[in-house]
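Residue numbers (the numbering used here): 988 to 1678. Using N, Cα and C, we set each Cβ at its ideal position, and we do this for glycine too. Everything below concerns the one structure shown next.
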Amino acid sequence: MSRRDWKTLKALQQSPKAKLRYETEWSLDEEELLERSMALCMLSPHSARVLDNIISPVQRRTSNTNSLSAQEIGDDDSLKPVSLDSRTDFSDLVIEKPPESHQPSLMKVQTSINLHSERLAEVEGSIYLYREAERIKMQNQLQKRLEMCVQYEKNFADQAAEQLKRFEEMMELKQRQERDRLQEQLEAGSKEALGQQEKLKEEHRTRAKLLNRKLREAELQRYQEQERIRQEEGRERKRRLCDLQQEVLQLVQQIEMDYKHQETLRVDLSTYSQRGNQICGILSSVVRSSEQSGFPTQEDVNIGERFLQEMQALVSAMQQTVSAAEERRKAEEVADREKQKELEKQQQTKAQAPTPAPAQTQKQSQKEGLQVKASPCIMKRYQQLQSLLEQTLNDIAPFQDSKDSKVKAVRVELQKAVYIPVSQISTESASKMKETFEKLNNLLMGKRVSSCGSTVISVSQHPQALNFVYYKLAEKFVKQGEQEIASHHEAAFPLAAVASGIWEHHPQVGELFLAHLYKKCPYAVPFYPAHKKGTPIEEYRRILGYEVEDSQVESQDNFLKRMSGMIRLYAAVIQIRWQYGLKQESHPHGLNYAWQWLAQLLNLEPLADVTSTLLYDFLEVCGNAMMLTYQDQFVKLLLLIQEEYLPRIEMISTSEQMGSVARLKLFLENSRKKREIPLPKGYLNQSFWRS
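This is how it looks when you write it as structure tokens:
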């Protein structure tokens, strides 16, 4: 034996196992104990989670003859991967003796399993969950990227198809011109040949047939002259029509070139582009039909000239729009530079000015703070409208409170004639909306209309019937905003379109609409009514806009829902116009009132939960129109709200009220980053008005 082997034997002799006592004979009890110890252990159903999360791949190595491979253990259906929590209780693990029939095969399998700590299992489980989350995240990102690529491909395909169409039309025009030129050359050659032939006939004919020949020649010349004139006129009309088509195509190309710059000017030119392409397509069909009939008629040329005039007017209007947008952009840049200069001058003045005393500084900071009350001019307008509302109510009181059966019947029918059409306003089609408007407009103009079924009613049946209809119609508009729009935000624009049209034709209804709106929702003024001494709490709640029934005040959620509906209606009325009939020079209550509302609201101290909710609703409905109109100035206003006004709202809001604040904050961030506000839900586009 080598020296190394002797050292190994000596070390084994000195080990604790060398001191063990071995007995050759066993007792009966000891043999039973040995059999139990040699029996295979059966794992409980919970062993799968232990094996999947604890067994290390490195420690699963087994011997070639006595152990199962890691693949065989993984293929066992009883070992299902489950998550292992650090608080897993192993007290319910049951070790059972396997059945007799499986003992011989199971005795051959000996697996060395090292159970690791619970912390390692928790870490491995976390790693597995993290990998799964990352895989799902990557799949979602890949899906979004794929959808984006598909959309880009679709847009590029549409543009390529449109350009191919224009190219084919240009090539078709050139081919027609070439055919016309060749045809003219052939006709000219044919004329020369005919002339020579006629000369030869004249030389070879006999003198006896001279008179007859001259008569025939005169008749032939007359016919040929008529045919020549007809063909020349046809060719002239054809050349004129082709020239018109070429000019129209050039104008379309000019529109397309300007259309590409609409993003830099922040103006919508899609209407001009669509109309130009439509005119170009119609004119191309006229040219094709004229070719089939031989030569175009004078009516075809007149159609082409009308289309050319329309295209020229379209290009002129588009150029005016572009120039106005360019001037507005330049004016804004000049104004920004002037404001920057003024700010620099003010900063220099402040740097040179002496430091004010503490008392003066405190007074100045109080002046620069937000107001508690609305401005006097706003309150004066509010009081005028409330006085008008009270005066109208007093005027119609005898008619409204009359007990006479005839007067009562007229009152009921008039109320039906107002309530039923307003309740039927929807986005189903513009034609039905127009019918509703005409019914209300005819009623206000004194015409006879059907209220319900075959019953016909008119405001001329009572002296105060017209004022009653004014009052009830304005009240119904506000009530629809309070009830319908509060639940379905998309209903704001169809109702606002009809209300705006009625306002343009009947200003009294518009004034009463504002009065009802201000009474129901003082935040549309905007102002926050102060509590006066001696006013009961319930009455003060009603002034604030809450509904109080049997001394029970409505919930805050229901209150905010109603206020939101009325603010959305007000914001929709400000920006939308009635599309049919004659329009006034300006909107009776246009976007300048939206700017005024925002300015007045930002000058007031915010109210928790109310200000953030209503400000978000107003900007979501009216923000797109204000962004297109005021552009950079409106972006600056959004920046002011985000940096100056929003922190004030956050300071007074509790944790339960932070939901509306977070929604407003996210809206402002997205609007500033993208420099655009999406169209609100339910907006009535041009395709709707053509339905």
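Helix, strand or coil at residue 1218 [DSSP, three-state]: helix
Measuring only the C-alpha atoms, how far is residue 1564 from residue 1405? 21 angstroms
Closest by C-alpha distance to residue 1215, when choosing among 1502, 1178, 1599, 1613: 1178
Please state whether the Cβ-Cβ distance between residue 1288 and residue 1267 is less than 8 angstroms. no
Under 8 angstroms, do residue 1607 and residue 1523 count as touching if we go by C-beta distance? no
Is the closest heavy atom of the ligand GTP to the C-beta of residue 1493 under 7 angstroms? As far as ligands go, the structure on display features none, and thus does not contain the ligand GTP.
Does DSSP put residue 1664 in a helix, in a strand, or in coil? coil
Euclidean distance between Cα positions of residue 1599 and residue 1550: 12 angstroms
Leaving aside the five residues before and after residue 1295 along the sequence, list all residues of the same chain whose C-beta is less than 7 angstroms from its C-beta, in chain order. 1231, 1234, 1235
Quick check on the DSSP output: the alpha helix (DSSP H) that includes residue 1399 runs from which residue to which? 1392 to 1410
Please list the terminal residues of the continuous beta strand (DSSP E) segment that includes residue 1443. 1442 to 1444
Identify which residue in 1675, 1209, 1618 has its Cα closest to the Cα of residue 1659. 1618
For the alpha helix (DSSP H) that residue 1623 lies in, which residues bound it at each end? 1619 to 1627
Here's the rule I'm using: 16 or more other beta-carbon atoms within 10 Å means buried, otherwise exposed. How should residue 1494 be labelled? exposed
Span separating the alpha-carbon of residue 1510 from that of residue 1369: 11 angstroms
Flag this pair as yes or no: are the beta carbons of residue 1453 and residue 1379 separated by less than 8 angstroms? no
Leaving out five residues before and five after residue 1676 in sequence, what residues of the same chain have Cβ atoms less than 7 angstroms from its Cβ? 1417, 1566
Specify, as a first and last residue, the run of the alpha helix (DSSP H) that residue 1423 falls within. 1417 to 1431
Grouping DSSP H, G and I as helix and E and B as strand, with all else coil, what is residue 1673? helix
Using C-beta distances below 8 angstroms, list every residue in its chain close to residue 1673, excluding the 5 sequence neighbours before and after it, in chain order. 1258
Of all the alpha helix (DSSP H) runs that stay within the bounds of the stretch 1558 to 1589, which reach a length of 4 or more residues? 1578 to 1589
Straight-line gap, residue 1435 to residue 1446 (C-alpha atoms, nearest Å): 8 angstroms
Along the alpha helix (DSSP H) that carries residue 1128, what are the first and last residues, could you check? 1105 to 1191
Reference residue 1503; option with closest CA among 1151, 1421, 1301, 1375: 1375
Give me the residue from 1282, 1456, 1542 with the minimum Cα distance to residue 1383. 1456
Beta-bridge partners of residue 1539, as assigned by DSSP: 1536
Excluding the 5 residues preceding and the 5 following residue 1492 in the sequence, name in chain order all residues of the same chain whose CB lies nearer than 7 angstroms to its CB. 1428
Identify whether residue 1648 lies in helix, strand or coil by the three-state DSSP scheme. helix
Bridge partner(s) assigned by DSSP for residue 1437: 1443
Please check the pair residue 1520 and residue 1373, which I expect to be a contact at CB under 8 angstroms, by giving their CB distance rounded to whole angstroms. About 21 angstroms; that fails the 8 angstroms criterion.
I'd like to check one pair, residue 1484 with residue 1553: are the Cβ atoms closer than 8 angstroms? no
With a 10 Å radius around its C-beta and 16 neighbouring C-beta atoms as the bar for buried, classify residue 1073 as buried or exposed. Residue placement at residue 1073 is flagged as unreliable, the pLDDT there being 40, under the threshold of 50; a coordinate-derived value is accordingly withheld.
Which residue wins for smallest C-alpha separation from residue 1362, given the options 1663, 1651, 1592? 1592
Indicate the three-state DSSP secondary structure (helix, strand or coil) for residue 1449 in the structure shown. coil
Where residue 1138 falls, given that 16 or more other Cβ within 10 Å makes a residue buried: exposed
How many angstroms separate the CA atom of residue 1297 from the CA atom of residue 1271? 15 angstroms
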